[in-house]
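Okay, so here's the structure we're looking at.
Residue numbers (the working numbering): 1 to 335.
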(Lines of atoms letter the chains of each structure in order from A; the text may use other names.)
(Lines give C-alpha, C1' and ligand atoms only; values in the text may rest on other atoms or scores of the structure.)
Protein backbone atom coordinates (compact mmCIF):
# COMPACT_ATOMS: atom_id res chain seq x y z
CA UNK A 1 0.00 0.00 0.00
CA UNK A 2 1.42 3.39 -0.98
CA UNK A 3 0.84 6.99 0.01
CA UNK A 4 2.18 10.42 -0.85
CA UNK A 5 3.89 12.71 1.60
CA UNK A 6 0.62 14.39 2.47
CA UNK A 7 -0.73 11.06 3.66
CA UNK A 8 -3.10 10.16 0.80
CA UNK A 9 -3.46 6.40 0.50
CA UNK A 10 -4.37 5.33 -3.04
CA UNK A 11 -6.78 2.45 -3.58
CA UNK A 12 -5.55 -1.07 -3.12
CA UNK A 13 -6.51 -4.56 -2.06
CA UNK A 14 -8.24 -4.77 1.27
CA UNK A 15 -6.35 -6.56 4.00
CA UNK A 16 -9.60 -7.72 5.62
CA UNK A 17 -11.20 -7.18 8.99
CA UNK A 18 -8.42 -8.99 10.88
CA UNK A 19 -5.81 -6.60 9.57
CA UNK A 20 -8.06 -3.65 10.33
CA UNK A 21 -8.53 -4.82 13.90
CA UNK A 22 -4.81 -5.41 14.37
CA UNK A 23 -4.06 -1.89 13.17
CA UNK A 24 -5.98 -0.09 15.89
CA UNK A 25 -5.30 0.29 19.59
CA UNK A 26 -8.24 1.92 21.36
CA UNK A 27 -8.03 3.30 24.87
CA UNK A 28 -11.41 5.02 24.75
CA UNK A 29 -14.39 3.33 26.38
CA UNK A 30 -17.84 4.26 25.11
CA UNK A 31 -18.97 6.97 22.69
CA UNK A 32 -18.66 10.64 23.63
CA UNK A 33 -21.75 12.45 24.86
CA UNK A 34 -20.35 15.93 24.38
CA UNK A 35 -19.36 17.79 21.25
CA UNK A 36 -16.66 15.82 19.50
CA UNK A 37 -13.28 17.37 18.68
CA UNK A 38 -10.88 14.92 17.02
CA UNK A 39 -7.22 15.90 16.65
CA UNK A 40 -5.33 13.72 14.16
CA UNK A 41 -1.55 13.63 14.18
CA UNK A 42 1.17 11.10 13.41
CA UNK A 43 3.88 10.18 10.95
CA UNK A 44 4.04 12.09 7.67
CA UNK A 45 2.96 9.64 4.98
CA UNK A 46 0.85 7.52 7.34
CA UNK A 47 -2.44 8.79 5.91
CA UNK A 48 -3.34 11.96 7.83
CA UNK A 49 -5.06 13.62 4.88
CA UNK A 50 -6.97 10.43 4.09
CA UNK A 51 -8.09 10.11 7.72
CA UNK A 52 -9.30 13.72 7.70
CA UNK A 53 -11.32 13.09 4.53
CA UNK A 54 -12.89 10.02 6.14
CA UNK A 55 -13.90 12.08 9.18
CA UNK A 56 -15.32 14.76 6.92
CA UNK A 57 -17.44 12.08 5.23
CA UNK A 58 -18.68 11.09 8.69
CA UNK A 59 -20.00 14.61 9.26
CA UNK A 60 -17.09 16.42 10.90
CA UNK A 61 -15.99 19.93 10.00
CA UNK A 62 -12.50 19.13 8.72
CA UNK A 63 -9.49 21.48 8.84
CA UNK A 64 -6.04 20.42 7.66
CA UNK A 65 -2.82 21.44 9.41
CA UNK A 66 -4.41 24.01 11.73
CA UNK A 67 -2.11 25.78 14.23
CA UNK A 68 -3.24 24.82 17.71
CA UNK A 69 -3.52 28.45 18.79
CA UNK A 70 -6.39 28.76 16.28
CA UNK A 71 -8.37 25.78 17.55
CA UNK A 72 -10.29 27.82 20.13
CA UNK A 73 -11.38 30.28 17.47
CA UNK A 74 -12.53 27.44 15.23
CA UNK A 75 -14.46 25.73 18.01
CA UNK A 76 -16.21 28.97 18.95
CA UNK A 77 -16.93 30.12 15.38
CA UNK A 78 -20.61 31.04 15.02
CA UNK A 79 -22.04 28.55 12.52
CA UNK A 80 -19.61 25.83 13.64
CA UNK A 81 -20.19 26.24 17.36
CA UNK A 82 -22.28 23.08 17.62
CA UNK A 83 -20.67 20.95 14.91
CA UNK A 84 -18.10 18.21 15.54
CA UNK A 85 -14.61 19.18 14.42
CA UNK A 86 -11.70 17.14 13.05
CA UNK A 87 -8.24 18.72 12.81
CA UNK A 88 -4.89 17.48 11.56
CA UNK A 89 -1.76 18.81 13.23
CA UNK A 90 1.66 17.47 12.27
CA UNK A 91 5.35 18.28 12.23
CA UNK A 92 4.91 20.52 9.17
CA UNK A 93 2.99 23.02 11.28
CA UNK A 94 5.01 26.14 11.98
CA UNK A 95 6.49 26.22 15.49
CA UNK A 96 5.24 22.66 16.10
CA UNK A 97 5.87 21.34 19.60
CA UNK A 98 4.65 18.05 21.04
CA UNK A 99 4.60 19.49 24.55
CA UNK A 100 2.63 22.55 23.46
CA UNK A 101 0.15 20.42 21.52
CA UNK A 102 -0.33 18.06 24.48
CA UNK A 103 -0.90 21.00 26.82
CA UNK A 104 -3.41 22.58 24.46
CA UNK A 105 -5.32 19.31 24.05
CA UNK A 106 -5.39 18.86 27.83
CA UNK A 107 -6.80 22.35 28.27
CA UNK A 108 -9.53 21.73 25.69
CA UNK A 109 -10.31 18.33 27.20
CA UNK A 110 -10.94 20.00 30.56
CA UNK A 111 -13.92 21.84 29.10
CA UNK A 112 -17.20 20.15 30.12
CA UNK A 113 -18.82 20.77 26.74
CA UNK A 114 -16.12 19.07 24.64
CA UNK A 115 -15.07 15.47 24.10
CA UNK A 116 -11.52 15.85 22.79
CA UNK A 117 -9.68 12.82 21.46
CA UNK A 118 -6.22 12.49 19.99
CA UNK A 119 -5.66 10.05 17.12
CA UNK A 120 -2.11 9.01 16.23
CA UNK A 121 -1.41 7.43 12.84
CA UNK A 122 1.56 5.08 12.95
CA UNK A 123 3.36 3.32 10.10
CA UNK A 124 6.41 1.08 9.80
CA UNK A 125 9.64 2.81 8.74
CA UNK A 126 10.17 0.59 5.70
CA UNK A 127 6.63 1.26 4.47
CA UNK A 128 7.08 5.01 4.89
CA UNK A 129 10.38 4.92 3.01
CA UNK A 130 8.80 2.94 0.19
CA UNK A 131 5.91 5.39 -0.07
CA UNK A 132 8.26 8.36 -0.34
CA UNK A 133 10.41 6.55 -2.89
CA UNK A 134 7.45 5.58 -5.06
CA UNK A 135 5.95 9.09 -5.01
CA UNK A 136 9.35 10.80 -5.35
CA UNK A 137 8.48 13.18 -2.54
CA UNK A 138 10.89 14.59 0.01
CA UNK A 139 10.26 14.17 3.69
CA UNK A 140 9.16 17.52 5.21
CA UNK A 141 11.76 17.19 7.98
CA UNK A 142 14.61 16.06 5.71
CA UNK A 143 14.42 18.14 2.56
CA UNK A 144 18.17 17.87 1.87
CA UNK A 145 18.83 14.56 3.61
CA UNK A 146 17.78 10.91 3.19
CA UNK A 147 14.15 10.08 3.94
CA UNK A 148 15.25 7.78 6.76
CA UNK A 149 16.72 10.77 8.60
CA UNK A 150 13.42 12.62 8.42
CA UNK A 151 11.48 9.60 9.67
CA UNK A 152 13.83 9.17 12.64
CA UNK A 153 13.65 12.86 13.51
CA UNK A 154 9.85 12.84 13.30
CA UNK A 155 9.54 9.73 15.49
CA UNK A 156 11.60 11.43 18.17
CA UNK A 157 9.55 14.60 17.88
CA UNK A 158 6.20 12.78 18.12
CA UNK A 159 7.04 10.11 20.72
CA UNK A 160 5.25 11.87 23.58
CA UNK A 161 2.12 12.42 21.49
CA UNK A 162 1.99 8.75 20.53
CA UNK A 163 2.08 7.79 24.20
CA UNK A 164 -0.70 10.24 24.99
CA UNK A 165 -3.01 9.27 22.08
CA UNK A 166 -6.51 7.97 22.80
CA UNK A 167 -6.56 5.98 19.56
CA UNK A 168 -3.49 4.68 17.73
CA UNK A 169 -3.90 3.29 14.21
CA UNK A 170 -1.09 1.52 12.36
CA UNK A 171 -1.73 2.06 8.65
CA UNK A 172 1.17 -0.07 7.42
CA UNK A 173 -1.10 -2.79 6.01
CA UNK A 174 -4.39 -0.93 5.80
CA UNK A 175 -6.33 -0.01 2.67
CA UNK A 176 -8.47 3.11 2.49
CA UNK A 177 -11.54 1.00 3.27
CA UNK A 178 -9.86 -0.51 6.34
CA UNK A 179 -8.96 2.94 7.65
CA UNK A 180 -12.46 4.24 6.95
CA UNK A 181 -14.05 1.35 8.87
CA UNK A 182 -11.77 1.87 11.87
CA UNK A 183 -12.48 5.59 12.02
CA UNK A 184 -16.21 5.03 11.58
CA UNK A 185 -16.14 2.55 14.43
CA UNK A 186 -14.56 5.12 16.75
CA UNK A 187 -16.08 8.38 15.59
CA UNK A 188 -19.36 7.75 13.75
CA UNK A 189 -21.79 10.41 14.92
CA UNK A 190 -25.02 8.41 14.67
CA UNK A 191 -26.45 5.08 13.63
CA UNK A 192 -28.16 6.67 10.62
CA UNK A 193 -26.93 5.75 7.13
CA UNK A 194 -23.94 7.85 6.06
CA UNK A 195 -24.42 7.00 2.38
CA UNK A 196 -25.65 9.98 0.35
CA UNK A 197 -27.59 8.92 -2.75
CA UNK A 198 -27.93 11.23 -5.73
CA UNK A 199 -30.55 10.43 -8.36
CA UNK A 200 -30.46 12.14 -11.74
CA UNK A 201 -32.59 11.83 -14.85
CA UNK A 202 -30.92 12.38 -18.22
CA UNK A 203 -31.27 12.19 -22.00
CA UNK A 204 -29.31 9.52 -23.83
CA UNK A 205 -29.04 12.00 -26.71
CA UNK A 206 -26.92 14.21 -24.47
CA UNK A 207 -24.80 11.37 -23.13
CA UNK A 208 -24.62 9.36 -19.93
CA UNK A 209 -23.62 11.44 -16.86
CA UNK A 210 -19.91 10.89 -16.23
CA UNK A 211 -20.38 10.87 -12.49
CA UNK A 212 -22.94 8.03 -12.56
CA UNK A 213 -22.17 4.89 -10.56
CA UNK A 214 -25.26 3.02 -11.77
CA UNK A 215 -27.20 3.67 -14.99
CA UNK A 216 -30.71 2.46 -15.81
CA UNK A 217 -32.33 2.71 -19.24
CA UNK A 218 -36.11 3.27 -19.12
CA UNK A 219 -36.65 3.76 -22.85
CA UNK A 220 -38.70 0.53 -22.88
CA UNK A 221 -41.56 2.31 -21.07
CA UNK A 222 -44.42 4.02 -22.90
CA UNK A 223 -43.19 7.32 -24.33
CA UNK A 224 -45.53 10.27 -23.63
CA UNK A 225 -43.67 12.27 -26.28
CA UNK A 226 -45.85 10.75 -28.97
CA UNK A 227 -49.03 12.11 -27.39
CA UNK A 228 -49.43 15.71 -28.64
CA UNK A 229 -51.26 16.62 -25.45
CA UNK A 230 -48.48 15.31 -23.19
CA UNK A 231 -45.48 16.32 -25.29
CA UNK A 232 -45.08 19.84 -23.82
CA UNK A 233 -45.40 18.47 -20.28
CA UNK A 234 -42.71 16.73 -18.21
CA UNK A 235 -42.45 13.79 -15.86
CA UNK A 236 -43.23 16.21 -13.03
CA UNK A 237 -46.78 16.62 -14.36
CA UNK A 238 -49.49 14.23 -13.20
CA UNK A 239 -50.85 13.35 -16.69
CA UNK A 240 -47.38 12.26 -17.83
CA UNK A 241 -46.78 10.33 -14.61
CA UNK A 242 -50.10 8.55 -15.04
CA UNK A 243 -49.33 7.61 -18.64
CA UNK A 244 -45.93 6.13 -17.76
CA UNK A 245 -47.38 4.30 -14.75
CA UNK A 246 -49.99 2.70 -17.02
CA UNK A 247 -47.29 0.81 -18.90
CA UNK A 248 -47.89 -2.93 -18.25
CA UNK A 249 -44.25 -3.42 -17.23
CA UNK A 250 -43.88 -0.33 -15.03
CA UNK A 251 -44.93 -1.84 -11.70
CA UNK A 252 -42.76 -4.93 -12.15
CA UNK A 253 -39.81 -2.74 -13.12
CA UNK A 254 -40.12 -0.54 -10.03
CA UNK A 255 -40.54 -3.59 -7.82
CA UNK A 256 -37.41 -5.23 -9.25
CA UNK A 257 -35.48 -1.95 -9.05
CA UNK A 258 -36.27 -1.40 -5.38
CA UNK A 259 -35.62 -5.08 -4.66
CA UNK A 260 -32.15 -4.58 -6.14
CA UNK A 261 -31.39 -1.53 -4.03
CA UNK A 262 -32.80 -2.88 -0.77
CA UNK A 263 -29.79 -5.19 -0.10
CA UNK A 264 -27.32 -3.33 -2.32
CA UNK A 265 -27.25 0.06 -0.58
CA UNK A 266 -26.50 -1.31 2.90
CA UNK A 267 -23.51 -3.12 1.40
CA UNK A 268 -22.25 0.10 -0.17
CA UNK A 269 -22.71 1.77 3.20
CA UNK A 270 -20.90 -1.07 4.96
CA UNK A 271 -17.93 -0.75 2.61
CA UNK A 272 -17.62 2.93 3.46
CA UNK A 273 -18.92 4.44 0.22
CA UNK A 274 -20.03 8.01 0.94
CA UNK A 275 -21.72 9.00 -2.31
CA UNK A 276 -23.67 6.98 -4.86
CA UNK A 277 -25.05 8.49 -8.07
CA UNK A 278 -27.90 6.69 -9.82
CA UNK A 279 -28.72 7.86 -13.35
CA UNK A 280 -32.08 7.15 -15.00
CA UNK A 281 -32.12 7.76 -18.75
CA UNK A 282 -34.65 8.00 -21.56
CA UNK A 283 -34.51 9.44 -25.05
CA UNK A 284 -35.19 13.12 -24.33
CA UNK A 285 -34.73 13.27 -20.56
CA UNK A 286 -38.08 15.01 -20.03
CA UNK A 287 -40.79 12.41 -19.45
CA UNK A 288 -40.05 8.78 -18.50
CA UNK A 289 -36.69 9.27 -16.82
CA UNK A 290 -37.95 12.25 -14.83
CA UNK A 291 -40.95 10.36 -13.46
CA UNK A 292 -38.93 7.23 -12.64
CA UNK A 293 -36.20 9.32 -10.97
CA UNK A 294 -38.83 11.05 -8.84
CA UNK A 295 -40.33 7.69 -7.88
CA UNK A 296 -36.97 6.16 -7.00
CA UNK A 297 -35.82 9.19 -5.00
CA UNK A 298 -39.07 9.17 -3.01
CA UNK A 299 -38.61 5.47 -2.22
CA UNK A 300 -34.97 5.97 -1.18
CA UNK A 301 -36.00 8.82 1.12
CA UNK A 302 -38.60 6.54 2.66
CA UNK A 303 -35.83 4.03 3.40
CA UNK A 304 -34.00 6.65 5.48
CA UNK A 305 -31.25 7.62 3.04
CA UNK A 306 -30.16 11.18 2.41
CA UNK A 307 -31.21 11.81 -1.17
CA UNK A 308 -30.39 14.48 -3.73
CA UNK A 309 -32.39 14.76 -6.96
CA UNK A 310 -31.57 16.46 -10.25
CA UNK A 311 -33.12 16.43 -13.72
CA UNK A 312 -30.12 17.17 -15.90
CA UNK A 313 -31.79 17.59 -19.25
CA UNK A 314 -35.23 18.84 -18.27
CA UNK A 315 -36.15 21.86 -20.43
CA UNK A 316 -32.62 21.76 -21.85
CA UNK A 317 -33.44 24.07 -24.74
CA UNK A 318 -34.36 26.93 -22.42
CA UNK A 319 -31.51 26.77 -19.94
CA UNK A 320 -27.78 26.31 -19.57
CA UNK A 321 -27.62 24.30 -16.36
CA UNK A 322 -29.35 21.30 -14.85
CA UNK A 323 -32.72 21.39 -13.13
CA UNK A 324 -31.52 20.69 -9.60
CA UNK A 325 -33.85 20.22 -6.66
CA UNK A 326 -33.40 20.14 -2.93
CA UNK A 327 -34.87 16.88 -1.73
CA UNK A 328 -38.35 17.26 -0.25
CA UNK A 329 -39.52 15.33 2.81
CA UNK A 330 -40.26 11.84 1.50
CA UNK A 331 -43.79 10.58 1.13
CA UNK A 332 -44.59 7.18 2.64
CA UNK A 333 -42.95 4.47 0.56
CA UNK A 334 -45.45 2.61 -1.55
CA UNK A 335 -43.11 0.02 -3.03
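Ideal Cβ positions, reconstructed from N, Cα and C, are used throughout, including at glycine.
Heavy atom of the ligand MN less than 7 Å from the Cβ of residue 56, yes or no?
Here there are no bound small molecules, and the ligand MN is not part of this structure.
Tell me the DSSP secondary structure of residue 171 in three-state form.
The answer is coil: DSSP assigns residue 171 none of H, G, I, E or B.
Is DSSP giving residue 273 helix, strand or coil here?
Note: residue 273 maps to coil in three-state DSSP.
Do residue 38 and residue 187 have their C-beta atoms closer together than 8 Å?
The answer is yes: Cβ separation under 8 Å.
For a quick check, are the C-beta atoms of residue 46 and residue 122 less than 8 Å apart?
Contact: yes.
With distances taken from CA atoms, which of 111, 137 and 151 is nearest residue 124?
Out of 111, 137 and 151, 151 has the C-alpha closest to the C-alpha of residue 124.
Would you list the one or two residues that DSSP bridges to residue 217?
Residue 217 is bridged to 281.
Which partner residues of residue 41 appear in the DSSP bridge assignment?
Beta-bridge pairing links residue 41 to 120.
So residue 309 is in the beta strand (DSSP E); what residue range does that whole segment cover?
Unbroken beta strand (DSSP E) run through residue 309: 306-311.
Can you tell me whether residue 246 is helix, strand or coil according to DSSP?
Correct three-state label for residue 246: coil.
Check whether the stretch 163-172 and the stretch 236-244 are in contact - that is, three or more C-beta pairs closer than 8 Å.
The answer is no - the stretch 236-244 does not touch the stretch 163-172, with fewer than three Cβ pairs under 8 Å.
Between which two residues does the beta strand (DSSP E) harbouring residue 86 extend?
Its beta strand (DSSP E) spans residues 85-88.
For residue 296, I'd like the list of residues in its chain whose CB is within less than 6 Å of its CB, leaving aside the five on either flank, ordered along the chain.
Once the five neighbours on either side are set aside, the close Cβ partners of residue 296 are 199.
So, are the CB atoms of residue 283 and residue 204 less than 8 Å apart?
Yes, Cβ-Cβ distance for residue 283 and residue 204 is below 8 Å.
Helix or strand or just coil, what does DSSP make of residue 211?
Here residue 211 sits in coil by DSSP.
Can you tell me where the alpha helix (DSSP H) holding residue 159 begins and where it ends?
Unbroken alpha helix (DSSP H) run through residue 159: 147-164.
What is the rounded straight-line gap between the Cα of residue 107 and the Cα of residue 43?
If I take the Cα positions, the gap works out to 24 Å.
Mapping DSSP to helix, strand and coil, what is residue 196?
Note: residue 196 maps to strand in three-state DSSP.
Just the C-alpha distance for residue 211 and residue 228, rounded to the nearest angstrom, thanks.
Distance between the alpha carbons of residue 211 and residue 228: 34 Å.
Rounded to a whole number of angstroms, what is the C-alpha to C-alpha distance between residue 127 and residue 254?
Their backbone Cα atoms lie some 49 Å apart in a straight line.
Anyone know if the C-beta pair for residue 279 and residue 218 falls short of 8 Å?
Going by C-beta atoms, residue 279 is not nearer than 8 Å to residue 218.
Rounded to whole angstroms, what's the CA-CA distance from residue 197 to residue 157? Just pull it up for me.
Computed Cα separation, rounded: 43 Å.
May I ask which residues mark the beginning and end of the alpha helix (DSSP H) holding residue 103?
Taken as a continuous stretch (DSSP letters only), the alpha helix (DSSP H) holding residue 103 covers 98-109.
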